[in-house]
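**Student:** The structure is given below, and queries will be raised subsequently.
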Amino acid sequence: ALPPDVKEETTAKEKAARDYNGDYDRLVDLARGSLIFSDLKNLMKGRSELGKNYEIVKEKNRFQTASSGYRDVNLILRDKSNGLLFEVQLHLRCMVEQKEGIGHALYESERKVYDQMMKENRKNRHRRPKLHGTPGAGS
């Protein structure tokens, strides 16, 4: 297991702006931890055990749907005793080793490109398209 962590304030602000239109109440991964498994069978067994003890609010299984080579299971869990939401990431040891190398730098680069594309898309969505070749359009 990796030590539990709290999302940094700047990262939380970026995510709230990017994913939730600035709504901080929708951030559910401020408290988080990671569990590392030697193989997929044990990872899925760990996922099952967590599901017995906590309510699984959201699950992102990148073993089934990943756009890049990275794979993990990301769970948003609710503590049944107090309602606290937190994130647990389930990793394979071999993926963590790659992530700690060049893999994380590639992820960060991909994320920045994606964020810029989304920003440009939002900015251009409000512009009216110029129509060429139509009456009165100056053609």
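Residue numbers for the sequence shown follow the working numbering, so the first one is 2 and each next one is one higher.
Here a beta-carbon is modelled for each residue, glycine too, at the ideal position from N, C-alpha and C.
Being a predicted model, the structure only gives us computed values, none of them experimental.
#1: With three or more C-beta pairs closer than 8 Å as the rule, is the segment 44-63 touching the segment 72-83?
#2: Please go through the same chain and pick out, in chain order, the residues whose beta-carbon is closer than 8 Å to the beta-carbon of R33, but skip the five residues on each side of it.
#3: Rounded to a whole number of angstroms, what is the C-alpha to C-alpha distance between A13 and K124?
#4: Span of the beta strand (DSSP E) holding K59?
#5: Secondary structure at D40, three-state DSSP: helix, strand or coil?
#6: For D73, count the other beta carbons within 10 Å of its own beta carbon; 16 or more makes it buried, fewer makes it exposed. Which is it?
#7: Consult DSSP for V97 and reduce its assignment to one of helix, strand or coil.
#8: If you draw a straight line from the alpha carbon of K16 to that of E60, how long is it in whole angstroms?
#9: Under three-state DSSP, which class holds E88?
#10: Out of V114, M119, H92 and K120, which one is the CA nearest neighbour of L41?
**Tutor:** The answer reads as follows:
#1: Contact holds between the segment 72-83 and the segment 44-63, because three or more Cβ pairs, one in each stretch, are under 8 Å apart.
#2: Within the sequence shown, numbered from 1, the residue matching residue 33 stands at position 32. Here R33 has P5, D6, V7, K8, F87, E88, V89 and Q90 as same chain residues with Cβ atoms under 8 Å from its own Cβ, once five neighbours each way along the sequence are excluded.
#3: Counted from its first residue, the sequence shown places residue 13 at position 12. Counted from its first residue, the sequence shown places residue 124 at position 123. In a straight line, the C-alpha of A13 is about 22 Å away from that of K124.
#4: Numbered from its first residue, the sequence shown carries residue 59 at position 58. That run of the beta strand (DSSP E) goes E56 to N62.
#5: By 1-based counting over the sequence shown, the position of residue 40 is 39. The three-state secondary structure of D40, taken from DSSP, is coil.
#6: Your numbering for residue 73 matches position 72 in the sequence shown. D73 is buried by the Cβ-count criterion.
#7: If you number the sequence shown from 1, residue 97 lands on position 96. Looking at V97 - three-state DSSP - the assignment turns out to be helix.
#8: In the sequence shown, residue 16 corresponds to position 15, counting from 1. In the sequence shown, residue 60 corresponds to position 59, counting from 1. Near 18 Å, if we compare the C-alpha coordinates of E60 and K16.
#9: Mapped onto the sequence shown, residue 88 falls at position 87. If DSSP states are grouped into helix, strand and coil, E88 belongs with the strands.
#10: Working through the sequence shown from its first residue, we reach residue 41 at position 40. Between L41 and the set V114, M119, H92 and K120, the nearest pair of CA atoms involves H92.
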